[in-house]
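In what follows, a single structure is set out as structure tokens and then discussed.
Number of protein chains: 2
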Amino acid sequence: MISARRTEETRVSDSTVRRLSGYYRVLGELLEQGENTVSSYQLALRSGSTPAQVRKDLSFFGQFGKRGTGYDVVQLLAEIRSILGLDRRWKVCLVGAGNLAHALFTHKEFEREGFVIEAVLDNDPAKIGQRWSHLAVETVEHLARVVRERQLVIGIIATPAAAAQDVADHLVSAGIQGVLNFAPRKLSVPPKVSLRNVNLAIELEGLSFALK
Amino acid sequence: MISARRTEETRVSDSTVRRLSGYYRVLGELLEQGENTVSSYQLALRSGSTPAQVRKDLSFFGQFGKRGTGYDVVQLLAEIRSILGLDRRWKVCLVGAGNLAHALFTHKEFEREGFVIEAVLDNDPAKIGQRWSHLAVETVEHLARVVRERQLVIGIIATPAAAAQDVADHLVSAGIQGVLNFAPRKLSVPPKVSLRNVNLAIELEGLSFALK
DNA sequence: TGTTGTGAAGGCGTTCACAGCC
DNA sequence: GGCTGTGAACGCCTTCACAACA
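So the sequence lines, in the order shown, correspond to chains A and B.
Sequential numbering from 2 applies to the first sequence in the numbering used here.
Sequential numbering from 2 applies to the second sequence in the numbering used here.
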């Protein structure tokens, strides 16, 4: 396998990374279907992109295809897995133990991709101590210690909006490297910490706007 | 209140609509805090945008500010509510009755903004008949009829990936106008149907990429 | 022939900068 | 003086188009 490494200092856009996730998913399906090779055209068709876009996206990371043939499914899958960092384990801290957190916790896909939730915390006494599978819900007062001691690198914030920035501050000071925020509030984190936001209301509002 | 209506045929970008949602949230907070006016600078600071961007975004829909003063909080809130279509009720159909669907169902924010879930459907006999608040989970076999009879306009797909396209097809043929898809699969819908995707795995993969 | 890889062109969203107005 | 509204400049992402090559 050719090492998937950027040779240039070109900044890869967020859109490109998101599309890589899409290609990754399609390649998994193609593998299950027993396909050996795939063209940029097919990959585009099944992932909702365009052939040129597929080739351009991949070109940021190397030359993975064969002219006249296309891409080897197994090889490209491995390349993208490596590019996206899915070939390792990511220790995750889940803050908030509400319905959304529980849905995320029970979601099998994450664990399959290497995202392993190793702590669940909340500030509700009624929830603290609850067993969630092999974990017990802990008090959010222990957040910083838990993150440090278990060396958790990604924090998922699934708390009410009012608590989100405070939680983020504690995560950051404890050394968290990435934050996935579900609270509908703009968070401030230092530039070295990666931040992604998922705001369900924004998506519904986007639909509402389009339907008007 | 000046009517919020686009005078030009300029296509408003998706980014602009998403930012409007952010401004909307900040304005709500400002209102609670008793602020009467707000400048593009403050709005940008609190929503994670830039002053020029705020003004440009708003300019697509009208002229809502006063030079030298800024924007009236109450008025701008009403304008954006109208622009985003949050001044009406949207009847929503929730397909899939798993943990994620339940989290969405119990989320109070949606109802507050006018998104009212009026049907929950699943194909699991063990779930059909379950009471979810004032609703009962119905069989997905009745999907088309339910959408038509209750005149539901937005469908939320919270099913496994394998079922998603089939559900989307039924929703579309029953006359649904917008789809919010949580299944990790690219959906095909006719151009007249609005489609938004929320893919939690993509967000985690984006973090993973950034942390590598 | 078929398909990739990629420089160049194109298009679109963001930022600038300033005229206009309160 | 302060802040908005907006045409113009800018920069980035996407698309094109074709040379390279299996």
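All C-beta atoms, glycine included, are put in the ideal place defined by N, C-alpha and C.
Going by C-alpha to C-alpha distance, which of B/98, B/107, B/40 sits closest to residue 141 of chain B? B/98
For a cutoff of 8 Å on Cβ pairs, would you count residue 70 of chain A as touching chain B? no
If we count the other Cβ atoms within 10 Å of its Cβ and call it buried at 16 or more, is residue 187 of chain B buried or exposed? The residue in question, residue 187 of chain B, is buried, as its Cβ has 16 or more Cβ neighbours within 10 Å.
Spatial neighbours of residue 1 of chain A in its chain, beta-carbon cut-off 6 Å, leaving aside the 5 residues before and after: Here chain A has residues from 2 to 213 only, and residue 1 of chain A is not among them.
Beta carbon proximity, residue 208 of chain B to chain A, threshold 8 Å: yes
With contact counted as at least three CB pairs below 8 Å, one residue from each stretch, are the region 79-94 of chain B and the region 146-164 of chain B in contact? With the cut-off at 8 Å, the region 79-94 of chain B and the region 146-164 of chain B touch.
From residue 168 of chain B to residue 122 of chain A, what distance separates their C-alpha atoms? 35 Å
Leaving out the 5 sequence neighbours to the left and right, which residues in its chain are closer than 7 Å to residue 170 of chain B when beta-carbon positions are compared? none
With distances taken from CA atoms, which of A/74, A/61, A/55 is nearest residue 34 of chain A? A/74
Please report the residue range of the beta strand (DSSP E) in which residue 63 of chain B lies. Run containing residue 63 of chain B: none; DSSP gives neither H nor E here.
Which residue comes first and which comes last in the alpha helix (DSSP H) that contains residue 173 of chain B? 162-174
In angstroms with no decimal places, state the Cα-to-Cα distance between residue 19 of chain B and residue 60 of chain B. 15 Å
In the DSSP assignment, the beta strand (DSSP E) including residue 195 of chain B goes from what residue to what residue? Per DSSP, the continuous beta strand (DSSP E) segment holding residue 195 of chain B begins and ends at 195-198.
Using a beta-carbon distance below 8 Å, is residue 40 of chain B in contact with chain A? no
Closest to residue 128 of chain B by C-alpha separation, out of B/71, B/149, B/100, would be which residue? B/100
I'd like to know if the region 44-51 of chain A and the region 21-34 of chain A are in contact, where contact means that at least 3 CB-CB pairs between them fall below 8 Å. At 8 Å Cβ cutoff, the stretches touch.
To be precise: take each residue of the region 171-197 of chain A, compare its Cβ to all Cβ atoms of chain B, and keep it if any distance is under 7 Å. Which residues remain? 178, 179, 181, 185, 187, 195, 197
Give a yes or no on whether 8 Å exceeds the smallest Cβ distance from residue 103 of chain B to chain A. yes
Residues bridged to residue 38 of chain A by DSSP? DSSP, once it has assigned bridges, lists A/73 as partnering residue 38 of chain A.
Does residue 133 of chain B get closer than 8 Å to chain A when you measure Cβ to Cβ? no
Mind listing which residues of the region 97-130 of chain A have their C-beta closer than 9 Å to chain B's C-betas, in chain order? 99, 100, 101, 102, 103, 104, 105, 106, 107, 108, 110, 111, 114, 115, 116
Please name the residue, chosen from B/31, B/119, B/13, that lies closest to residue 76 of chain B on a Cα-to-Cα basis. B/31
Relative to the C-alpha of residue 203 of chain B, which candidate in A/114, A/163, A/175, A/139 has its C-alpha closest? Cα-wise, what sits closest to residue 203 of chain B is A/114.
Taking 8 Å as the CB-CB cut-off, is residue 142 of chain A touching chain B? no
Who are the Cβ neighbours of residue 51 of chain B in its own chain at under 6 Å, not counting the five residues just before and after it? 45
Three-way DSSP call (helix, strand, coil) for residue 188 of chain A in this model: coil
I'd like to know if residue 139 of chain A contacts chain B, where contact means its C-beta is closer than 8 Å to some C-beta of that chain. no
Using 8 Å as the limit for Cβ to Cβ distance, is residue 36 of chain A near chain B? Using a CB distance cut-off of 8 Å, residue 36 of chain A does not count as an interface residue toward chain B.
So, at 7 Å on beta carbons, what are the nonlocal neighbours of residue 160 of chain A in its own chain, with the 5 sequence-adjacent residues on each side left out? 96, 97, 168, 184
To which residues of the same chain is residue 1 of chain A closer than 6 Å at the C-beta, ignoring the five residues directly before and after it? Given a span of 2 to 213 for chain A in the structure shown, any question on residue 1 of chain A remains unanswerable.
Rounded to whole angstroms, what's the CA-CA distance from residue 58 of chain B to residue 17 of chain B? Just pull it up for me. 6 Å
Starting from residue 155 of chain B, follow its DSSP beta bridges and name the residues at the other end. B/93, B/179
Using DSSP's beta-bridge definition, name the partner residues of residue 139 of chain B. Residue 139 of chain B is bridged by DSSP to B/122.
Does residue 204 of chain A get closer than 8 Å to chain B when you measure Cβ to Cβ? Under the 8 Å criterion on CB atoms, residue 204 of chain A is classed as interfacial with respect to chain B.
So who's on the other strand from residue 116 of chain B, going by DSSP bridges? B/91
Considering residue 207 of chain A, what are the terminal residues of the alpha helix (DSSP H) in which it resides? First-last of the alpha helix (DSSP H) with residue 207 of chain A: 201-212.
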